[in-house]
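Working notes, structure below.
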Amino acid sequence: MSDHGRMDSTGSEVAASVAPEPDQPDTEAAHPHFHRRVTSFRARRSSISDNQQAVWDRLWPQLGTQARDGDEPAGPLDTTPAGRLDTGAWFGRHAPVILEIGCGTGTSTLAMAQAEPDLDVVAVEVYRKGLAQLLSAIDRTGTTNIRMVRGDGVDVLTYMFGPASLTGVRVFFPDPWPKARHHKRRLLQTDTVALIADRLRPGGVLHAATDHQGYAEHIAEVGDAEPRLRRIAMDSDRLPMSVHRPVTKYERKALAGPVVTELLWERTP
1 MSDHGRMDST GSEVAASVAP EPDQPDTEAA HPHFHRRVTS FRARRSSISD
51 NQQAVWDRLW PQLGTQARDG DEPAGPLDTT PAGRLDTGAW FGRHAPVILE
101 IGCGTGTSTL AMAQAEPDLD VVAVEVYRKG LAQLLSAIDR TGTTNIRMVR
151 GDGVDVLTYM FGPASLTGVR VFFPDPWPKA RHHKRRLLQT DTVALIADRL
201 RPGGVLHAAT DHQGYAEHIA EVGDAEPRLR RIAMDSDRLP MSVHRPVTKY
251 ERKALAGPVV TELLWERTP
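So for the sequence shown, full-length UniProt numbering puts the first residue at 1; every next one is plus one.
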């Protein structure tokens, strides 16, 4: 989904407060086609270190949850979607919520959350290795305003958040799927951008970044075509969240390479 560096238990507290909604479908019968949705990520397995596993066992039950029931959310979408998140209960406070889809190893996630302690960040990633690295960084730094969801960002938007519930959505360096026959796998398509627009509150912001020129043009086209979004400048003085990303390890290595395009939209009233 995303790569901020080119991505390559038990406890007395619950993993997250999840409340099913009466109008929220949770069965294949209600959604006969959700198994056939094309995902924007590649299935893969990767190991984590013993130290990361120890941190995972200790902190994941409090700070993490899954977008679908089951042990392998990166596999086929053949498990039940999770219910609606109660972010107030999960974070222990009521604050504006930022959703980051595809946090990779969490370099930007951590830095931006630390810079804005008044905002709560929900970071979504398919790959356990990246989440384990972020979880270890949270443990090391004592950062308190990040929670994590392992799974598909579209599932998270569809089932875990309601309309007008988000102050911002960040999508940094999603997989560009450069071959034409794979463009259908790109995350930021018309339907997904419309879903993001629905989940943003009025004045909320969609911030996308990519270093693939073709994908940048595609994102700009679908974002500009969404009637509930209005393109705004990166230096706008009315933004409800920061749009200043730290330069990642990958970007430092690629400074002489592709130009990073930043795209920003505001949810209209």
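Where a beta carbon is used, it is the ideal one built from N, C-alpha and C, also for glycine.
- Residue burial annotation: E100 is buried, with at least 16 other C-beta atoms found within 10 angstroms of its C-beta.
- E125: not part of any alpha helix (DSSP H); member of the beta strand (DSSP E) spanning D120 to E125, first to last residue.
- Bridge pairing for I146: V121 [DSSP].
- Between L206 and the set I98, L59 and W56, the nearest pair of CA atoms involves I98.
- Cα atoms of A233 and L239: separation of roughly 10 Å, rounded to the nearest angstrom.
- T210 has T261 as its beta-bridge partners, per DSSP.
- L99 sits in a strand when the DSSP states are folded into three classes.
- In this structure E221 is exposed. Its beta-carbon is surrounded by fewer than 16 other beta-carbon atoms within 10 angstroms.
- Looking from the CA of A164, the closest CA among D50, S47, P269 and S49 belongs to P269.
- In this chain, G92 is not harboured by any alpha helix (DSSP H), its DSSP state being neither H nor E.
- In the three-state reduction of the DSSP assignment, E266 falls in the strand class.
- In this structure, the beta-carbon distance from A123 to T109 falls below 8 Å.
- DSSP, reduced to helix, strand and coil, places T109 within a helical segment of the structure shown.
- With respect to the C-alpha of F172, the residue from P178, K179 and L187 having the closest C-alpha is L187.
- With a threshold of 16 other beta carbon atoms within 10 Å, V121 meets it and is buried.
- The beta carbons of P178 and H212 sit about 7 Å from each other, so the pair counts as a contact at 8 Å.
- Straight through space, the alpha carbons of Q62 and S47 are spaced by roughly 22 Å.
- Residue burial is scored here from C-beta neighbours: V156 has at least 16 other C-beta atoms within 10 angstroms and is therefore classed as buried.
- Pairwise C-beta distances place the stretch 192-210 out of contact with the stretch 125-140, as fewer than three of them are shorter than 8 Å.
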